[in-house]
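J.:
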Amino acid sequence: MSAKGRFVDGDAQGAGTGAPTRTKRWLVALDIDGTTMREDGVITDTVVAAIRDAEAAGHEVMLSTGRSEGMTVPLLETLGIEPKYLVCANGALTLARRPDGSYERVHVERFDPSEVLQTIHGALTNAAFGVEDETGRFLLSENFPADTMTNAGEQVPFERLLEVEATRVVVISPEHGLEEFLQIVEAMGLHKVSYTVGWTAWLDIAPEGVTKATAMERIREWLDIPRSRVFAAGDGRNDIDMLRWASTSGRGVVMGQAPDDVVDAGNELTGGVTDDGLAAALDSLPR
Numbered sequence: 036m037s038a039k040g041r042f043v044d045g046d047a048q049g050a051g052t053g054a055p056t057r058t059k060r061w062l063v064a065l066d067i068d069g070t071t072m073r074e075d076g077v078i079t080d081t082v083v084a085a086i087r088d089a090e091a092a093g094h095e096v097m098l099s100t101g102r103s104e105g106m107t108v109p110l111l112e113t114l115g116i117e118p119k120y121l122v123c124a125n126g127a128l129t130l131a132r133r134p135d136g137s138y139e140r141v142h143v144e145r146f147d148p149s150e151v152l153q154t155i156h157g158a159l160t161n162a163a164f165g166v167e168d169e170t171g172r173f174l175l176s177e178n179f180p181a182d183t184m185t186n187a188g189e190q191v192p193f194e195r196l197l198e199v200e201a202t203r204v205v206v207i208s209p210e211h212g213l214e215e216f217l218q219i220v221e222a223m224g225l226h227k228v229s230y231t232v233g234w235t236a237w238l239d240i241a242p243e244g245v246t247k248a249t250a251m252e253r254i255r256e257w258l259d260i261p262r263s264r265v266f267a268a269g270d271g272r273n274d275i276d277m278l279r280w281a282s283t284s285g286r287g288v289v290m291g292q293a294p295d296d297v298v299d300a301g302n303e304l305t306g307g308v309t310d311d312g313l314a315a316a317l318d319s320l321p322r
C-alpha cells in the first residue's frame, strides 16, 4: 500500500518507501458522560462526526470512562468507531477488540471492598452502596435509588456487598450537599483505595493506585505512542488523573462546564458539552 496519507508511530516517517507520511498518530482518550454525551443522554451529530473524522484521519480514538463494560461497548455503534482498547470502571477494566469486533477483558484490577464499605457505612448511615464486579454486574444495597448507570443491578442486603471481589464501589448520599459530602469523605481517611467525588454526593472507589490515567498509560505503552501525542478529554473529578497524565507532554482538554479543580488538571479548556466543545477540540488534531 502506498505511504500517501498513511500514519505511523514513532519518528520513522516514510520508512522503506522514500515518501513522507502526512502526520503521526495520536492516542485520543474520551470520557463519556459530560464530555462525549450530554446530561440528557444525547450524543450530537456534530460530536459523532468529529470523533469519526479523528479516527478516519488515523488517530487511535477510544473511550475512557467510569461506566461498566455493558454500558460502554454499545455506544461504539452510535459513534461509528472501532477502537483497539476501551477503559471502563475508572481504569479497573481494560478491554481489547477481537477480530470479530467483540471485546475481551485483557486487564482487570480487583479489590476486597469490605473494609472501605464498613468504614463508610459507619460514617454515612443512610448512604446507598453499589459494588461492581469484573463482569460489570452491580449488586446494590436495598435503598439504592433508581439510576440509569445501575439499572441492571440486583438489590441485596448490605452484608452481601462485603462478599464481592470488586472493580468499583459507588456510594450515594442524597441527604448531603456536595461540599459537606467532600468534607465527610476527606475526614474518613480512606486507605488502600483510590476515590473521586462526582458532581453530586456520589463517591466512586477503585482499587488503590488505579485511575483512568494508569490504564491509559498502559495502553499508550502497548501502542508505542509517545507521551507527546496523547490527547485526553474530560469534565469530572474522576478525569483529573487522566487530564494530568495527558497534560504532562500532550493535551489535557477540559470541558467548559467542569469544576475548577478539574480545570486545573488540564492544559486546555474547550467549550461545554452543550456547545459541542469536544468536537471543537477534536477538529484541532493533525490531519
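Heads up, our numbering is the position in the sequence shown plus 35, with the first residue counted as 1. Ideal placement from N, C-alpha and C gives every residue a C-beta, glycine not left out.
Along the chain, which unbroken stretches of the beta strand (DSSP E) at least 3 residues long are found entirely within the stretch 231–275?
T.: As far as the stretch 231–275 is concerned, its whole beta strand (DSSP E) runs of at least 3 residues are 237–242 and 265–269.
J.: So if DSSP puts Glu189 in a beta bridge, which residue, or which two residues, is it bridged to?
T.: Taking the sequence shown and counting its residues from 1, the one referred to as residue 189 is at position 154. Paired residue(s): Leu174.
J.: Between Ser319 and Val199, what straight-line distance do the alpha-carbon atoms span, to the nearest angstrom?
T.: Position 284 of the sequence shown holds residue 319. Position 164 of the sequence shown holds residue 199. Looking at the two C-alpha atoms, the distance is approximately 44 Å.
J.: What did DSSP end up calling Gly312 once you bin it into helix, strand or coil?
T.: Here residue 312 refers to the residue found at position 277 of the sequence shown. Gly312 falls in the helix class under three-state DSSP.
J.: Which residue from Thr202, Thr309, Ala248 and Cys123 puts its Cα closest to that of Trp280?
T.: Counted from its first residue, the sequence shown places residue 280 at position 245. Selected option, being the one with the closest Cα: Ala248.
J.: Going by beta-carbon coordinates alone, are Leu65 and Ser99 separated by less than 8 Å?
T.: For the purposes of this step, residue 65 is taken as residue 30 along the sequence shown, with counting starting at 1. For the purposes of this step, residue 99 is taken as residue 64 along the sequence shown, with counting starting at 1. A contact, by the Cβ cut-off of 8 Å.
J.: Taking only runs of the alpha helix (DSSP H) that begin and end inside the stretch 202–235, which ones reach a length of at least 4 residues, in chain order?
T.: List check, alpha helix (DSSP H) in window: 213–223.
J.: Buried or exposed: which applies to Thr160, given that a residue is buried once 16 or more other Cβ atoms fall within 10 Å of its Cβ?
T.: For the purposes of this step, residue 160 is identified with residue 125 of the sequence shown, where counting begins at 1. Exposed, by the Cβ-count rule.
J.: If you compare alpha carbons, which of Ala268, Arg60 and Pro134 is closest to Asp311?
T.: Start at 1 with the first residue of the sequence shown, and residue 311 comes out as number 276. For the residues Ala268, Arg60 and Pro134, the minimum Cα distance to Asp311 belongs to Ala268.
J.: Pull up the CB-CB distance for Gly165 and Leu152, whole angstroms please, since I reckon it's below 8 Å.
T.: Position 130 of the sequence shown, counted from the first residue, corresponds to residue 165. Position 117 of the sequence shown, counted from the first residue, corresponds to residue 152. Their Cβ separation, rounded to whole angstroms, is 10 Å, which puts Gly165 and Leu152 out of contact at 8 Å.
J.: Comparing C-alpha positions only, which one of Leu217, Val297, Ala315 and Glu189 sits nearest to Asp168?
T.: Start at 1 with the first residue of the sequence shown, and residue 168 comes out as number 133. Answer by Cα proximity: Glu189.
J.: What do you get for Lys59, buried or exposed, if any count of 16 or more other CB atoms within 10 angstroms of its CB means buried?
T.: Sequence index remark: in the sequence shown, residue 59 carries index 24 (1-based). Lys59 is buried by the Cβ-count criterion.
J.: From the DSSP secondary-structure annotation, give me the bridge partner or partners of Arg286.
T.: Numbered from its first residue, the sequence shown carries residue 286 at position 251. Per DSSP, Phe266.
J.: Please go through the same chain and pick out, in chain order, the residues whose beta-carbon is closer than 7 Å to the beta-carbon of Thr202, but skip the five residues on each side of it.
T.: Position 167 of the sequence shown, counted from the first residue, corresponds to residue 202. Counting only Cβ-Cβ distances below 7 Å, and skipping sequence neighbours, we find Ala124, Ala127, Leu128, Val143, Glu144, Arg145, Glu167, Asp168 and Glu169.
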